[in-house]
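For the protein sequence lines, the chains are D and U, in the order given. Residues in the first sequence are numbered consecutively from 302, following the working numbering. Residues in the second sequence are numbered consecutively from 3, following the working numbering.
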Amino acid sequence: MKWNILLNPFERYSEKSLLVFGITFTLFGSAVAYLMKARFDGVFDMHLVENISFIDPFLDNILNIFTLVLLFVLFGKSINHKTRWIDILSVAIVARIPFYLLPLLNIGGVLEKSLEGLLNRMDFQDLNNPPAIEPSDLLIILLFSGVSILCLGWFIVLFWNGFKTATNAKGIKNVIFFIILLILAEVISKILISIFNS
Amino acid sequence: MNVKLPILCPSCTEKLSVSELVCSNCTTKVSGNFPLPVLLSLSEEEQNFILEFFLSSGSLKDMAKKLGNSYPTVRNKLDDLIEKIKQLNP
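Right, dumping it as structure tokens:
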């Protein structure tokens, strides 16, 4: 039952509760991203940057959610005309919550320092000889990679379960279209974010 | 004891039909071969869902609140049930 709440809250909770919960986490996640110098520059991206303004992570999240809602409302309506945009919106907002945990791995600039350490040791002229990496840096980078993969998996499971609940989608054909659209959403959101940043 | 009405044959899983009806007052029996009405061909859970839908005056929002589910979950159950009834009663 507890797992079900983590993986498919959409089956049980109303769109109002989901929206309140999701918006709260989005605001919290954006504020934390600003403090940790993280950008969400794609529907499933999180990168550390050197310079960031307070508005950047908020704008990133708005554009990511907008892209997901736009594409998946159209897809949802094509599967089931009874699909409501408010359900897709709550799914897009809640499913992105796992990504807001990632900037927390950079508390005290730990991740930033480890990545800088690795990049400083890299000799890009001689890529055949890998650099000697500090074990602590390696551990932090591996931990971040592991948590990132888990969060990406969690996002996909949440998003599919939510989309399935909102549209009553069934069958392998819809799963394939869902994956294609998710990749398309990543491309579109990246373009939109780069346009807004230029 | 809550006795369940069997709707499928326990031996070959084909749909069952009614062969005998009895008056509980005078014990008169009527024999024949009567097909089960569509609603009785559904599972107990599905019958309860339809009853709940009727008692909620067809409001899926009220039903969702009563059942502790989200609105799309209840709407999906209803859509699946409509599809099943269409297949049972072409």
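Virtual Cβ for every residue (Gly too), placed ideally from N, Cα, C.
According to DSSP, residues forming a beta bridge with residue i
| i | result |
| --- | --- |
| Arg397(D) | Arg397(D) is not bridged to any residue. |
| Ser354(D) | Ser354(D) is not bridged to any residue. |
| Leu23(U) | Val32(U) |
| Lys17(U) | Leu10(U) |
| His348(D) | Arg340(D) |
| Pro310(D) | In the DSSP output, where bridge partners are listed per residue, Pro310(D) has none listed. |
| Pro37(U) | Ser19(U) |
Cβ-based neighbour list, residue i, same chain, cut-off 6 Å, excluding 5 preceding and 5 following
| i | result |
| --- | --- |
| Gly330(D) | Tyr401 |
Neighbourhood of residue i by C-beta, 7 Å cutoff - its chain only, sequence neighbours within 5 removed
| i | result |
| --- | --- |
| Leu412(D) | Leu349, Leu406, Ile441, Phe445 |
| Phe36(U) | Ser19, Val20 |
| Leu369(D) | Val344, Ala393, Ala486 |
| Leu451(D) | none |
| Leu360(D) | Phe497 |
| Ile504(D) | Outside the modelled stretch of chain D, which goes from 302 to 499, sits residue 504(D), for which no answer is possible. |
| Gly418(D) | Glu435, Asp438 |
| Val76(U) | Leu62, Met65, Ala66, Leu69 |
| Ser415(D) | Asp438, Ile441, Ile442 |
| Cys28(U) | none |
| Phe51(U) | Lys79, Leu83 |
Same chain only: Cβ atoms within 8 Å of residue i, ignoring 5 sequence neighbours per side
| i | result |
| --- | --- |
| Thr384(D) | Val374, Gly377, Lys378, Ala467, Thr468 |
| Glu54(U) | Met65, Lys68, Leu69 |
| Leu364(D) | Ser490, Leu493, Ile494, Phe497 |
| Glu48(U) | Leu83, Lys86 |
| Ile306(D) | Arg313 |
| Leu10(U) | Glu16, Lys17, Leu18 |
| Leu443(D) | none |
| Ile408(D) | Met337 |
| Trp499(D) | Reading the sequence as shown, one finds Ser at residue 499(D) and not Trp. Cβ within range, chain order: n/a, list empty. |
| Val24(U) | Thr30, Lys31, Val32 |
Expected contact under 8 Å - CB spacing of residue i and residue j to nearest Å
| i | j | result |
| --- | --- | --- |
| Leu57(U) | Leu80(U) | With a Cβ gap of about 14 Å, Leu57(U) and Leu80(U) do not count as contacting. |
| Leu7(U) | Val40(U) | With 8 Å as the limit, Leu7(U) and Val40(U) do not qualify as a contact, their Cβ atoms being about 14 Å apart. |
| Phe478(D) | Trp461(D) | Rounded, the Cβ-Cβ distance is 12 Å, inconsistent with contact. |
| Thr327(D) | Asn362(D) | 5 Å |
| Phe311(D) | Gly463(D) | 4 Å |
| Phe322(D) | Tyr335(D) | Contact flag wrong, Cβ pair sits at about 21 Å. |
Nearest candidate by alpha-carbon position, reference residue i, set the options
| i | options | result |
| --- | --- | --- |
| Leu453(D) | Phe326(D), Ile484(D), Ile489(D) | Ile484(D) |
| Lys17(U) | Leu38(U), Val5(U), Val24(U), Met3(U) | Leu38(U) |
| Val448(D) | Ile477(D), Trp461(D), Pro399(D) | Pro399(D) |
| Phe341(D) | Asp357(D), Glu316(D), Phe326(D), Leu328(D) | Asp357(D) |
| Leu459(D) | Ile480(D), Ile366(D), Leu308(D) | Leu308(D) |
| Glu316(D) | Lys88(U), Tyr73(U), Gln89(U), Ser43(U) | Tyr73(U) |
| Val5(U) | Cys25(U), Thr29(U), Glu46(U), Arg77(U) | Glu46(U) |
| Lys120(U) | Ser43(U), Ser26(U), Phe51(U), Ser33(U) | Nothing can be reported for residue 120(U), as the shown portion of chain U is limited to 3 through 92. |
| Asn78(U) | Pro404(D), Ile473(D), Lys465(D), Val488(D) | Lys465(D) |
| Val333(D) | Ile380(D), Met347(D), Ser415(D), Phe322(D) | Met347(D) |
| Leu320(D) | Leu372(D), Leu403(D), Val395(D), Leu336(D) | Val395(D) |
| Phe456(D) | Lys338(D), Lys303(D), Ile366(D) | Ile366(D) |
| Ile387(D) | Ser499(D), Leu336(D), Ser318(D), Ser354(D) | Ser318(D) |
| Leu482(D) | Tyr335(D), Ser415(D), Leu372(D) | Leu372(D) |
| Arg397(D) | Lys414(D), Asp427(D), Ile324(D), Val488(D) | Ile324(D) |
| Pro404(D) | Ala339(D), Asn421(D), Glu417(D) | Ala339(D) |
| Glu22(U) | Thr30(U), Gly34(U), Cys14(U) | Gly34(U) |
beta-carbon residue i near the ligand SAM non-hydrogen atom, thresh 6 Å
| i | result |
| --- | --- |
| Val458(D) | With respect to the ligand SAM, the structure offers nothing, as it holds no ligand at all. |
Within 8 Å, do at least three Cβ pairs link the region 379-396 of chain D to the region 435-453 of chain D?
no
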